[in-house]
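The listed protein sequences correspond, in order, to chains A and B. So for the first sequence, this note's numbering puts the first residue at 5; every next one is plus one. So for the second sequence, this note's numbering puts the first residue at 5; every next one is plus one. By construction, the Cβ of each residue, glycine as well, lies at the ideal position given by its N, Cα and C atoms. Remember, it's a predicted structure, so these values are computed and weren't measured experimentally.
Protein chains: 2
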Amino acid sequence: MKNKQVIIDSLPEGKLVESNYKLVDSEIPEVGSDEVLVKTISFAITAGTRAGLQGSASYAGAPTTGIVMNCTGIGEIIQSTNEDYNIGRNVLTQTGWQEYSVQKTQSLTLLREGVDPSLYLGPLGINGLTAYFGLLEIGQPQSGETVMISAAAGSVGHMVGQIAKIQGCKVVGVCGSDGKCKKLIEDLGFDAAVNYKDANFRQNLKEATPDGVDVYFDNTGGMILGSALFRLNSGGRIACCGVVSQYDTSTPEPGPKGIPGLLVNKSIRMQGFLVFDFAEQYENATDDLLTWIDSGQLKVLTDELEGIENAPRGFVDLLAGGNIGTRIVNI
Amino acid sequence: MKNKQVIIDSLPEGKLVESNYKLVDSEIPEVGSDEVLVKTISFAITAGTRAGLQGSASYAGAPTTGIVMNCTGIGEIIQSTNEDYNIGRNVLTQTGWQEYSVQKTQSLTLLREGVDPSLYLGPLGINGLTAYFGLLEIGQPQSGETVMISAAAGSVGHMVGQIAKIQGCKVVGVCGSDGKCKKLIEDLGFDAAVNYKDANFRQNLKEATPDGVDVYFDNTGGMILGSALFRLNSGGRIACCGVVSQYDTSTPEPGPKGIPGLLVNKSIRMQGFLVFDFAEQYENATDDLLTWIDSGQLKVLTDELEGIENAPRGFVDLLAGGNIGTRIVNI
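Below you can see the structure in the form of structure tokens.
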């Protein structure tokens with residue numbers, strides 16, 4: 005039995021390309037004490053992992069070649085040396101882009117039984133928890149306020165908007181195509197959506213936010229962050245979740261003009277966060293998210309590919325804005 | 005009786021110059037209902053007022069010529085139509101750069117009797133309150149943490165450092181001359197001070213902050229903010245107080261690189277504020293500040309000029325970093 009893996013063959017220079025990756029067959033490692041062997045069912049491709057492929061070490065680790073591309077996935081335990089983690093149980097873990105992985109038991113989250121496992125790559129996984137804590141704990145929206153979201157059709161963004169609607173907010177999404185805008189409004193209940201590639205983006209954003217913006221959930225940084233700063237009201241909050249506009253390049257832009265001047269003038273709070281900062285509250289958040297899914301208030305958008313060999317293409321396309329919702333690769 | 009005034013004669017193009025101002029003699033206006041006539045004793049020159057001289061409207065108002073230059077000052081009531089504000093009382097108010105001004109009573113702060121009035125232009129005035137709330141409410145330093153301050157020898161910065169020492173923090177100042185560095189360490193008890201004009205600034209800052217930075221009190225923005233971002237620890241806080249590096253130019257720089265990427269990676273909170281946000285807590289803050297002054301823990305640095313005609317020169321020089329402590333003009 006061989007382990008099909010996608011490894012990082014070279015680091016990107018400029019934009020990521022498929023040939024930065026290589027498909028290999030390797031041996032499956034031995035399972036040691038307090039470890040399990042996980043057979044991957046599916047994994048999620050998320051923009052944030054691009055940050056680990058260049059520059060200095062970030063939360064995603066230092067850039068290295070010759071290792072399996074990292075990601076979060078779900079899988080089934082097929083060997084175990086710890087009786088709390090039985091064969092046949094489904095888990096959420098850092099599977100990486102590979103068919104099999106040996107995992108320390110402390111790195112596993114056991115999936116709740118009776119819950120669709122695929123939900124753990126979307127609303128109940130890192131994406132959903134990121135949307136939940138970033139909006140509620142960092143953005144702290146109040147009912148009636150306006151919430152603006154960039155990369156609003158992405159794996160995190162499309163959930164942020166729906167959670168903001170549940171809080172009674174007016175929700176305005178920013179995304180990269182008219183098709184995505186339509187879907188956000190018609191399928192997910194956003195109040196407005198604006199295409200940042202439109203030549204009149206700034207004017208359209210202004211018209212979509214007649215009362216200004218109270219909370220901006222930033223997945224992109226760059227020009228859209230710069231535009232948001234001008235729409236923010238006094239006392240506004242920016243939840244800094246990611247910087248997708250800056251990941252896929254060797255020459256990131258400088259920060260937007262008006263930082264920190266506009267923060268001072270408008271008493272704006274701009275706060276970065278990692279979902280791991282809230283690890284102690286995951287269980288409560290999962291309860292809320294499941295309640296909203298069951299009631300139909302939180303709709304799950306996924307964008308699925310079949311076969312591990314398609315992961316590199318799927319990632320390159322995602323960085324170019326090709327996905328709607330959470331991009332999942334089924335093995 | 006004439007009123008000597010300094011008015012804004014033209015808006016600066018590029019750097020502010022003395023000839024942007026004009027000294028005029030004008031009539032003293034009538035005192036209306038609920039108003040007083042204030043004879044200016046002294047006023048403070050602060051970098052923040054430069055923001056009101058160009059660009060779009062800010063908290064300092066829209067740029068306009070033909071008006072008296074604004075500033076905070078102390079003065080004596082010499083006519084009054086409200087018995088709660090008697091002739092002879094000293095007040096803090098927006099005197100502007102002029103000898104006499106008519107003020108609405110609601111814009112006056114009566115000075116506490118028995119307290120040196122000049123303290124109200126420093127530690128008990130806008131500068132001291134800005135230092136107090138910006139550090140304690142926005143920065144939230146904990147004992148043992150490292151606090152870094154830019155424009156550390158300025159009217160706000162020199163007080164921030166001393167208040168941080170009172171909180172049990174390690175304090176590192178950034179300023180623009182070796183003489184200022186020496187004064188911060190020897191006279192005010194800073195643990196270290198670094199000259200940003202030194203070619204080895206970044207290396208020197210690194211050596212002065214071996215445990216990283218937990219709170220950065222930013223009076224400058226620009227390059228120093230960019231350097232601070234790299235020294236900040238996870239969970240660090242930036243209190244955005246002012247942008248003096250960006251005021252005295254028609255072409256402000258873009259924001260530092262790494263915004264918002266570094267904020268995300270290190271879960272950093274960056275928060276702008278205006279002292280007026282804390283108006284309800286001024287009395288308590290004044291009690292604390294007076295206690296620290298009386299005990300000798302908070303030393304007051306002032307840098308005084310004589311004569312209203314010297315205000316323009318004093319302001320141009322302050323924007324070039326010429327002052328240590330609060331620059332005050334005595335009339």
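Are the C-beta of A/Q275 and some C-beta of chain B separated by less than 8 Å?
The residue labelled residue 275 of chain A in the question sits at position 271 within the first sequence. For A/Q275, the answer is yes, since a Cβ of chain B falls inside 8 Å of its Cβ.
Does chain A have any CB closer than 8 Å to the CB of B/G300?
Here residue 300 of chain B refers to the residue found at position 296 of the second sequence. Not closer than 8 Å to any Cβ of chain A, the Cβ of B/G300 fails to qualify, so no.
Could you compute how far the alpha carbon of A/N90 sits from the alpha carbon of A/G230?
Numbered from its first residue, the first sequence carries residue 90 of chain A at position 86. Numbered from its first residue, the first sequence carries residue 230 of chain A at position 226. Approximately 50 Å, taken between the alpha carbons.
Compare the Cα-Cα distances from B/A157 to each of B/D281, B/G177, B/D321 and report the closest residue.
Here the question's residue 157 of chain B lines up with position 153 in the second sequence. The shortest C-alpha separation from B/A157 is found at B/G177.
Pull up the DSSP beta-bridge partners for B/I12, would you.
Indexing the second sequence from 1 puts residue 12 of chain B at position 8. Residue pairing for B/I12: DSSP places it in a beta bridge opposite B/Y25.
Is the CB of A/K270 under 8 Å away from at least one CB in chain B?
Here the question's residue 270 of chain A lines up with position 266 in the first sequence. A/K270 counts as touching chain B.
Relative to the C-alpha of B/K19, which candidate in B/E287, B/P256, B/I78 has its C-alpha closest?
Position 15 of the second sequence holds residue 19 of chain B. B/K19 has its Cα closest to that of B/P256, out of B/E287, B/P256, B/I78.
Just curious, the beta strand (DSSP E) that A/R331 is in, first and last residue?
Indexing the first sequence from 1 puts residue 331 of chain A at position 327. Per DSSP, A/R331 belongs to the beta strand (DSSP E) from 330-334.
Using only the alpha-carbon positions, how far apart do A/P264 and B/A51 sit?
On the first sequence, residue 264 of chain A is found 260 positions in, with the first residue counted as 1. On the second sequence, residue 51 of chain B is found 47 positions in, with the first residue counted as 1. A/P264 and B/A51: Cα-Cα distance of roughly 15 Å.
Kindly indicate if chain B contains any beta-carbon less than 8 Å away from that of A/P312.
For this step, residue 312 of chain A is matched to residue 308 along the first sequence. One detail in the question is off: residue 312 of chain A reads as Ile in this sequence, not Pro. Chain B contact via Cβ: absent.
Is there at least one Cβ from chain A nearer than 8 Å to B/G265's Cβ?
Taking the second sequence and counting its residues from 1, one reaches residue 265 of chain B at position 261. With 8 Å as the cut-off, B/G265 counts as an interface residue toward chain A.
Could you give the DSSP three-state label for A/Q98: helix, strand or coil?
What you label residue 98 of chain A is simply residue 94 of the first sequence in a count that begins at 1. Correct three-state label for A/Q98: coil.
Helix or strand or just coil, what does DSSP make of A/I142?
Reading the first sequence from its first residue, position 138 is the one you call residue 142 of chain A. In the structure shown, A/I142 sits in a helix (DSSP, three-state: H, G or I).
Buried or exposed for A/F280, going by 16 or more other Cβ atoms inside 10 Å?
As a first step, residue 280 of chain A is located in the first sequence; it is residue number 276 there, counting from the start. The residue in question, A/F280, is exposed, as its Cβ has fewer than 16 Cβ neighbours within 10 Å.
Within the chosen definition, does the stretch 179-194 of chain A reach the stretch 151-166 of chain A through at least 3 CB pairs nearer than 8 Å?
yes
Which residues mark the beginning and the end of the beta strand (DSSP E) in which A/R273 is found?
Within the first sequence, numbered from 1, the residue matching residue 273 of chain A stands at position 269. Per DSSP, A/R273 belongs to the beta strand (DSSP E) from 273-276.
In the DSSP assignment, find the alpha helix (DSSP H) that holds A/R241 and state where it starts and stops.
Start at 1 with the first residue of the first sequence, and residue 241 of chain A comes out as number 237. Unbroken run through A/R241 is the beta strand (DSSP E), 236-244; no alpha helix (DSSP H).
Output the distance between the C-alpha atoms of A/M163 and B/K201, rounded to the nearest integer angstrom.
To locate residue 163 of chain A, count along the first sequence from 1; it is residue 159. To locate residue 201 of chain B, count along the second sequence from 1; it is residue 197. Distance between the alpha carbons of A/M163 and B/K201: 47 Å.
Tell me whether the beta-carbon of A/A308 lies closer than 8 Å to the beta-carbon of A/N327.
Taking the first residue of the first sequence as position 1, residue 308 of chain A is located at position 304. Taking the first residue of the first sequence as position 1, residue 327 of chain A is located at position 323. Rather than Ala, the amino acid found at residue 308 of chain A in this sequence is Glu. No, they are not a contact pair.
Starting from the C-beta of B/T236, find all residues in its chain whose C-beta is less than 8 Å away, skip the five residues before and the five after it, and write them out in chain order.
Your numbering for residue 236 of chain B matches position 232 in the second sequence. The sequence given here has Leu at residue 236 of chain B, not Thr. For B/L236, where only same-chain residues beyond five positions count, the Cβ hits under 8 Å are G216, V217, D218, Y220, I242, L266, K270, I272.
What does A/K261 touch in chain B if you count any residue whose Cβ is under 7 Å from its own?
The residue given as residue 261 of chain A occupies position 257 in the first sequence. In chain order: P256, P258, G259.
Would a check of beta-carbon distances place A/L229 closer than 8 Å to chain B?
Here the question's residue 229 of chain A lines up with position 225 in the first sequence. True, the Cβ-Cβ gap to chain B drops below 8 Å.
List, in order along the chain, the chain B residues whose C-beta lies closer than 8 Å to that of A/D222?
Taking the first sequence and counting its residues from 1, one reaches residue 222 of chain A at position 218. The answer, in chain order, is P264.
Given a limit of 7 Å on CB to CB distance, which residues of the stretch 244-255 of chain A reach chain B?
C244, C245, G246, V247, Q250
Considering only residues of the stretch 175-234 of chain A, which uninterrupted alpha helix (DSSP H) runs meet the minimum length of 4 residues and lie entirely inside it, listed in chain order?
182-190, 205-212
Roughly how many whole angstroms lie between the Cα atoms of A/I82 and A/K108?
In the first sequence, the residue the question calls residue 82 of chain A occupies position 78. In the first sequence, the residue the question calls residue 108 of chain A occupies position 104. Rounded to the nearest angstrom, the two C-alpha atoms are 14 Å apart.
Closest by CA to A/V42, which one among A/Q58, A/I49, A/G77?
Counting from 1 along the first sequence, the entry for residue 42 of chain A is found at position 38. The option with the nearest alpha carbon to A/V42 is A/G77.
Less than 7 Å between C-beta atoms, sequence neighbours within five positions excluded: which residues of the same chain meet that for B/D182?
On the second sequence, residue 182 of chain B is found 178 positions in, with the first residue counted as 1. So the qualifying residues of the chain are N199.
Taking 8 Å as the CB-CB cut-off, is B/G138 touching chain A?
For the purposes of this step, residue 138 of chain B is identified with residue 134 of the second sequence, where counting begins at 1. B/G138 does not count as touching chain A.
If the criterion is Cβ atoms closer than 8 Å, does the pair B/V10 and B/Q102 meet it?
Reading the second sequence from its first residue, position 6 is the one you call residue 10 of chain B. Reading the second sequence from its first residue, position 98 is the one you call residue 102 of chain B. Contact: yes.
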